[in-house]
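Top to bottom, those sequences are chains W and B. At position 93 of the first sequence the residue is numbered 93 (the numbering used here), and the sequence of numbers has no breaks. At position 82 of the second sequence the residue is numbered 182 (the numbering used here), and the sequence of numbers has no breaks.
Number of protein chains: 2
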Amino acid sequence: MAFADTFKALSDPVRREILMMLRHGSLSAGEIAAQFDMTGATISYHLSILKKAELVRETRVKNYIYYGLNTSVVEEIMLWLSELKGGNEDDKEV
Amino acid sequence: MAFADTFKALSDPVRREILMMLRHGSLSAGEIAAQFDMTGATISYHLSILKKAELVRETRVKNYIYYGLNTSVVEEIMLWLSELKGGNEDDKEV
DNA sequence: CTGTTATTTAGAAATTTATCTAAATACTCT
DNA sequence: AGAGTATTTAGATAAATTTCTAAATAACAG
């Protein structure tokens, strides 16, 4: 279930920071890695988890790979949280 | 930062199921444990993580401990996701 | 106080996760 | 084709997580 993957992906602070970095637009793997005190391999690992969770999409341009947010999955998570909060099945406020 | 704890707490399927069980009202540790094929000790461990994340509150009644949802923390998470989705640079700091 | 029930804590084992280094792949440019 | 850069993959390791059993606490009833 991709849903569980999404929560798992969000559970790591590095991955959350990556997502926040992508709010304003796509960045290449290298640009992302440059912001962290970790090897590129480690960032690649985190990106693979975000990708598997469908929280990011990749686009290849020249010999760069750009990563961008996929907000539709974020919406799904918000829906789940909404349900949790709702308790009574009446409401569905956004 | 309790915020990180919250995401971590949400990353486990058992804990998410516990939260869903609490939507319609509080349940005792034993009532919760009865729904899972795990020992009470394990459920107690999960409850302690949810409690540390402030996703649940406990109330002692007789020799039972009741657990109930704390929805305000859920709102905080939704706010974070909102920010992510929004991409608005006007309010990036929390 | 004694005994019973509900729950948590402690300690240990199995699994998963995050990280590194080194090597491999992929793509570009001349 | 060959060199150079960007990124990923493989393999290893340390740390964190989940789970269990057994023991400890806490609260109640008689």
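Glycine included, C-beta positions come from ideal geometry on N, C-alpha and C.
Quiz item: Where do the N-terminal and C-terminal ends of the alpha helix (DSSP H) with Leu69(W) fall, by residue?
Solution: Within the first sequence, numbered from 1, the residue matching residue 69(W) stands at position 69. Not the alpha helix (DSSP H): Leu69(W) falls in the beta strand (DSSP E), residues Tyr64 to Leu69.
| query | Shortest alpha-carbon distance to Met21(W) belongs to which of Thr39(W), Ile77(W), Leu69(W) and Val74(W)? | reply | For the purposes of this step, residue 21(W) is identified with residue 21 of the first sequence, where counting begins at 1. Looking at the Cα atoms, Leu69(W) is the closest of the given residues.
I'd like to know whether the C-beta of Arg123(B) is nearer than 8 Å to at least one C-beta of chain W.
The sequence position of residue 123(B) within the second sequence is 23, counting from 1. At least one chain W Cβ lies under 8 Å of Arg123(B).
inquiry  = What does the Cβ neighbour count give for Leu147(B), buried or exposed, with the cut at 16 atoms within 10 Å?
reply    = If you number the second sequence from 1, residue 147(B) lands on position 47. Using a 10 angstroms sphere on the CB of Leu147(B), the tally of other CB atoms reaches 16 or more, which defines it as buried.
message: Strictly below 8 Å CB to CB, what residues from chain B border Met38(W)?
response: Counting from 1 along the first sequence, the entry for residue 38(W) is found at position 38. Near Met38(W) there are no residues of chain B at all, since even the closest Cβ is about 17 Å away, more than 8 Å.
Identify whether Leu122(B) lies in helix, strand or coil by the three-state DSSP scheme. Counting from 1 along the second sequence, the entry for residue 122(B) is found at position 22. Three-state DSSP puts Leu122(B) in coil, outside helix and strand.
Q | Run of the beta strand (DSSP E) containing Glu31(W), from where it starts to where it stops | A | The residue you call residue 31(W) lines up with position 31 of the first sequence. Counting along the chain, Glu31(W) falls outside any beta strand (DSSP E), though it belongs to the alpha helix (DSSP H) covering Ala29 to Ala33.
**Report entry** Interface partners of Thr171(B) on chain W, CB under 7 Å
**Finding:** By one-based count along the second sequence, residue 171(B) stands at place 71. Going along chain W in sequence order, the residues near Thr171(B) (Cβ under 7 Å) are Lys85.
> Is the Cβ-Cβ distance between Ile143(B) and Ala133(B) less than 8 Å?
Replying inline: On the second sequence, position 43 is the one that residue 143(B) refers to. On the second sequence, position 33 is the one that residue 133(B) refers to. Yes, the Cβ-Cβ distance between Ile143(B) and Ala133(B) is below 8 Å.
- Message: Pull the bridge partners of Val173(B) from the DSSP assignment, please.
- Response: Position 73 of the second sequence, counted from the first residue, corresponds to residue 173(B). Looking at the DSSP output, Val173(B) sits in no beta bridge, so it has no partner there.
### Three-way DSSP call (helix, strand, coil) for Glu154(B) in this model
On the second sequence, position 54 is the one that residue 154(B) refers to. Assigned with DSSP and collapsed to three states, Glu154(B) falls in coil, not helix or strand.
Are Ser26(W) and Thr71(W) touching if we call contact CB-CB under 8 Å?
The residue labelled residue 26(W) in the question sits at position 26 within the first sequence. The residue labelled residue 71(W) in the question sits at position 71 within the first sequence. Not closer than 8 Å, so no.
_When you compare the CB of Ser111(B) with every CB in chain W, is at least one pair closer than 8 Å?_
Working through the second sequence from its first residue, we reach residue 111(B) at position 11. At least one chain W Cβ lies under 8 Å of Ser111(B).
**OP:** Determine the DSSP secondary structure at Thr39(W), reduced to helix, strand or coil.
**Re:** For this step, residue 39(W) is matched to residue 39 along the first sequence. Thr39(W) falls in the coil class under three-state DSSP.
Just tell me which of Gly30(W), Ala2(W) and Lys51(W) has its CA closest to the CA of Arg16(W).
Residue mapping note: residue 16(W) aligns to position 16 of the first sequence, counting from 1. Taking only the C-alpha atoms, the option nearest Arg16(W) is Lys51(W).
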